[in-house]
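Position one of the sequence shown corresponds to residue 4 (our numbering), numbered consecutively onward.
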Amino acid sequence: MDSISRPLRIYSDNSAAVFMAKNNKSESRSKHIDIKYLAIRERVKKGKVVIEHISTELMLADPLTKGMPLKNFKNHVARMGISPMM
Numbered sequence: 004m005d006s007i008s009r010p011l012r013i014y015s016d017n018s019a020a021v022f023m024a025k026n027n028k029s030e031s032r033s034k035h036i037d038i039k040y041l042a043i044r045e046r047v048k049k050g051k052v053v054i055e056h057i058s059t060e061l062m063l064a065d066p067l068t069k070g071m072p073l074k075n076f077k078n079h080v081a082r083m084g085i086s087p088m089m
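This is how it looks when you write it as structure tokens:
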């Protein structure tokens, strides 16, 4: 039962991962991960998923996954629309 009417957008700051997901080409060095990308490639081809490259500075999930300088953290949090409670 697939009730999603528009494609899921996935943003990545890894240009190699974006390339491999969008294209049916890969280098011999990446053969070990090709199996993992087949499902994504299929969904990209069918238009169910759209993968886009985004700069690291714009990755809103980064403060939740890695440490960063306080200024960068505050900028990310502000872009998420989160404000201090006090």
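Idealized CB from N, CA, C, for every residue including glycine. Just so we're clear, the structure is a prediction, and the values are computed from it rather than from any experiment.
State the DSSP-derived secondary structure class of residue i, mapped to helix, strand or coil.
i: Ile-13; result: strand
i: Met-88; result: coil
i: Ser-6; result: coil
Less than 8 Å between the beta carbons of residue i and residue j, yes or no?
i: Ile-43; j: Ala-24; result: yes
i: Pro-87; j: Gly-50; result: no
i: Tyr-14; j: Glu-45; result: no
i: Arg-12; j: Val-47; result: no
Please report the distance separating the alpha-carbon of residue i from that of residue j.
i: Leu-61; j: Asp-16; result: 9 Å
i: Gly-84; j: Ala-20; result: 28 Å
i: Leu-73; j: Val-80; result: 10 Å
i: Arg-82; j: Asn-26; result: 31 Å
i: Ser-18; j: Ile-57; result: 9 Å
i: Leu-41; j: Phe-22; result: 13 Å
Any alpha helix (DSSP H) of 4 or more consecutive residues that is wholly inside the region 33-85:
Taking only runs of at least 4 residues, the alpha helix (DSSP H) segments lying wholly in the region 33-85 are 37-49, 65-68 and 73-83.
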